[in-house]
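Student: Quick note on numbering: UniProt numbering labels position 99 of the sequence shown as 99, and the sequence is numbered without any gaps.
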Amino acid sequence: MSKTCDSTHQVQSFKFEAIATIESPYQEKFAIPRQPNLVSAAKGKVVLLGAANNSELVRDIEQFSHLWLLFIFHGTQAQGWKPLVRPPRLGGNVKTGVLATRSTFRPNPIGMSVVKLDKVTVAHKQTILHISGLDLLHGTPIIDIKPYLPYSDAIIDADAGFAQQQPDAGLSVVFSKQAQADLTQYQARSEEKYSELALLIEQVLAQDPRPAYKQGKTDDKVYGMSLYDLNIQWQLTSLATVLVLNITKNQKIVS
1 MSKTCDSTHQ
11 VQSFKFEAIA
21 TIESPYQEKF
31 AIPRQPNLVS
41 AAKGKVVLLG
51 AANNSELVRD
61 IEQFSHLWLL
71 FIFHGTQAQG
81 WKPLVRPPRL
91 GGNVKTGVLA
101 TRSTFRPNPI
111 GMSVVKLDKV
121 TVAHKQTILH
131 ISGLDLLHGT
141 PIIDIKPYLP
151 YSDAIIDADA
161 GFAQQQPDAG
171 LSVVFSKQAQ
181 ADLTQYQARS
191 EEKYSELALL
201 IEQVLAQDPR
211 PAYKQGKTDD
221 KVYGMSLYDL
231 NIQWQLTSLA
241 TVLVLNITKN
251 QKIVS
């Protein structure tokens with residue numbers, strides 16, 4: 001189906017179906033790293049769906065250490081898009097063209113992410129890709145998967161404008177006595193998702209997940225973030241230190 005734009009060009013539309021969904025520790029947009037592979041302890045699963053849930057589709061995929069995931073920004077899709085956005089890397093106050101950024105608010109809400117492939121499992125007729133370093137919201141629809149090719153996908157002399165350097169993850173993360181007790185409680189359950197819980201919390205908070213306009217400034221607000229089925233409360237105690245206050249379950253924290 002197409003719509004005539006002028007005498008020589010047409011706007012075409014296409015229909016895609018999700019081939020997989022993501023199981024992720026990130027239950028809400030807040031605190032998700034702004035790019036993949038900044039938090040190596042973030043582990044998840046790509047669960048193949050429907051006709052794509054066929055192990056033949058991923059035959060030999062384990063020859064590749066990393067994968068491109070093409071996905072839908074389903075968490076922000078309903079909010080639409082604008083031609084100008086405020087990138088976090090510019091402090092959240094400077095506008096630039098949406099196509100010059102990786103903003104989630106795009107003409108077509110399609111994202112791409114490079115993740116590490118840890119293993120592939122097939123059990124009870126369900127094919128799953130186990131991944132790490134992800135930056136995707138739980139339930140994200142995947143529309144395509146491609147192998148990452150270092151010789152063509154990594155261009156070491158490329159210019160990246162205002163995002164040339166990796167963000168500085170310079171915050172030190174400290175656990176209160178209560179948070180340490182909470183960690184011990186959850187890790188004692190021997191659930192796989194909690195095996196690197198302390199490291200996951202540290203790596204996420206080291207990125208300073210607060211809004212861009214607050215970064216580099218003191219802030220005494222108590223924040224909450226959701227990882228897996230847990231809620232973590234934390235607070236900046238200085239420009240360089242984050243204090244994890246507690247780790248609780250089944251309490252929705254509004255950030």
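All C-beta atoms, glycine included, are put in the ideal place defined by N, C-alpha and C. Predicted, not measured: the structure shown is a model, and the values here were computed from it.
Quick one: Cα of M1 to Cα of F16, how far?
Tutor: Low confidence applies to M1: its pLDDT is 48, below 50, so where it sits in the model is not reliable enough to give any reading.
Student: Quick one: using the 10 Å Cβ neighbour count with 16 as the cut-off for buried, is T127 buried or exposed?
Tutor: So T127 ends up on the buried side.
Student: Is it right to say M112 is buried, meaning 16 or more other beta carbons lie within 10 angstroms of its own, or is it exposed?
Tutor: By the 10 Å Cβ count, M112 comes out exposed.
Student: How would you label A42, buried or exposed, when you count the other beta carbons within 10 angstroms and need 16 or more for buried?
Tutor: That one is buried.
Student: Grab me the residues of Q203's own chain with a C-beta within less than 6 Å of its C-beta, minus the 5 sequence neighbours each way, in chain order.
Tutor: The answer, listed in chain order, is V39 and A41.
Student: When burial is assigned at 16 or more other CB atoms within 10 Å of the CB, is L134 buried or exposed?
Tutor: Looking at its Cβ environment, which holds 16 or more other Cβ atoms inside 10 Å, L134 is buried.
Student: Could you name each continuous beta strand (DSSP E) segment of 3 residues or more that falls completely within the region 29 to 72, going from the start of the chain to the end?
Tutor: 43 to 48 and 66 to 72, all fully within the region 29 to 72.
Student: Given D219, which residues of its chain have a CB within under 7 Å of its CB, disregarding the five upstream and five downstream residues?
Tutor: Excluding residues within five positions, the ones whose Cβ falls inside 7 Å are R210 and L236.
Student: Over the uninterrupted beta strand (DSSP E) stretch that includes T21, give me the two end residues.
Tutor: Start and end: A20 to E23.
Student: From this set, T184, G139, R86 and A212, which residue's C-alpha is nearest T96's C-alpha?
Tutor: Comparing Cα-Cα distances from T96 to each of T184, G139, R86 and A212, the minimum goes to R86.
Student: Here's the rule: buried if 16 or more other CB atoms are within 10 angstroms of the residue's CB, otherwise exposed. What is S195?
Tutor: Exposed, since its Cβ has fewer than 16 Cβ neighbours within 10 Å.
Student: Identify whether A188 lies in helix, strand or coil by the three-state DSSP scheme.
Tutor: Correct three-state label for A188: coil.
Student: If you compare alpha carbons, which of H124, Q165 and D229 is closest to R89?
Tutor: Ranking the options by Cα distance to R89, first place goes to Q165.
Student: Nearest CA to the CA of I201: which residue from I247, A181 and D159?
Tutor: Checked all of I247, A181 and D159; the closest Cα to I201 is I247.
Student: With 16 other CB atoms within 10 Å as the buried threshold, where does A20 fall?
Tutor: It is buried - the Cβ of A20 has at least 16 other Cβ atoms within 10 Å.
Student: With a Cβ-Cβ cutoff of 8 Å, do residue 258 and W234 count as a contact?
Tutor: The displayed coordinates of the chain run from 1 to 255. Any statement about residue 258 would go beyond what the structure contains.
Student: Are V122 and L129 closer than 8 Å when you measure CB to CB?
Tutor: Not a contact, by the Cβ cut-off of 8 Å.
Student: Please confirm whether I22 and I110 have their CB atoms less than 8 Å apart.
Tutor: No, they are not a contact pair.
Student: According to DSSP, simplified to helix, strand and coil, what is L200?
Tutor: The answer is helix: DSSP assigns L200 an H, G or I state.
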